[in-house]
Amino acid sequence: MQWRKVMVVLVLVLIGGCKEEKLAQGKIAPALAAFDLQGKEAHLERWRGKGVYLNFWSAGCGGCLAEMDTLEALSKQWGGKVTVVAVNTDPESVPLEELLTKHAITYPVLRDSLNITQERYQVIGTPTSVLIDSQGRVLDMHQGARKLPELQQTFTRLARRGKGVYLNFWSAGCGGCLAEMDTLEA
1 MQWRKVMVVL VLVLIGGCKE EKLAQGKIAP ALAAFDLQGK EAHLERWRGK GVYLNFWSAG
61 CGGCLAEMDT LEALSKQWGG KVTVVAVNTD PESVPLEELL TKHAITYPVL RDSLNITQER
121 YQVIGTPTSV LIDSQGRVLD MHQGARKLPE LQQTFTRLAR RGKGVYLNFW SAGCGGCLAE
181 MDTLEA
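Take the sequence shown: its letters are residues 1 to 186, numbered as in this note's numbering.
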């Protein structure tokens, strides 16, 4: 009887240890496992040096479609500092070209037909947006459609984070300073 309890606890510990790490602010954004509409593999490094507004969307999602025109306008307005990258979560069988033409979308659109990128970014519904700074670190994640004023604030934040420098004065004898070091490296 005691042996059975030990085995159950051991199995639960092992299963818990296999759990994927939570998408954390300040950590390097997970690699993409998505392809552009021409079938070419996409990499976040392509947009390094700019903030990235990574937007997971679906053709059948009303909130996603409502955001498209706003994201296109913001993409043009902030193009030098922030890049909108749309990751479509629909199967390959869902045609996107007509929809993208209708909304005159010029920002990069990727397909994540195998849902690998969605899993890496822990997306559980659309639209979901992930803010990534110019160094490739996750700043924030948001579920649901956003209105223009909120998106303007988000893009301003991303643009400001793009070229920022954090100057930190510290001392080797300061416990708080040393504790902060791991956070700053992240």
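We put the beta carbon where it would ideally sit given N, CA and C, even for glycine.
Keeping to the same chain, check which residues put their C-beta closer than 7 Å to that of residue i; ignore five residues upstream and five downstream.
i: GLN25; result: VAL138, LEU139, ASP140
Can you give the Cα-Cα distance for residue i and residue j, rounded to whole angstroms?
i: LEU12; j: GLU72; result: With a pLDDT of 42 at LEU12, under the threshold of 50, the modelled position of this residue cannot be trusted; read the value that follows with caution. One C-alpha to the other measures close to 47 Å.
i: GLU150; j: TRP57; result: 18 Å
i: VAL199; j: LEU37; result: Nothing about residue 199 can be read from this structure; the chain reaches only from 1 to 186.
i: LEU99; j: ILE28; result: 32 Å
i: GLY49; j: LYS76; result: 17 Å
i: TYR53; j: PRO91; result: 22 Å
i: VAL123; j: CYS61; result: 14 Å
Assuming residue i contacts residue j under a Cβ cut-off of 8 Å, what Cβ separation, rounded to an integer in Å, is found between them?
i: ALA59; j: VAL94; result: 5 Å
i: LEU158; j: LEU131; result: 6 Å
i: LYS81; j: GLY51; result: 6 Å
i: THR126; j: THR89; result: 6 Å
Comparing alpha-carbon positions, which option in the options lies nearest residue i?
i: ALA66; options: GLY51, ILE105, LEU32; result: ILE105
i: ARG160; options: LYS147, SER134, HIS142, GLN143; result: SER134
i: LEU44; options: THR70, VAL87, MET68, GLN122; result: VAL87
How about residue i and residue j: are their beta carbons less than 7 Å apart?
i: ASP112; j: ALA34; result: yes
i: ALA145; j: GLY63; result: yes
i: THR128; j: GLN143; result: yes
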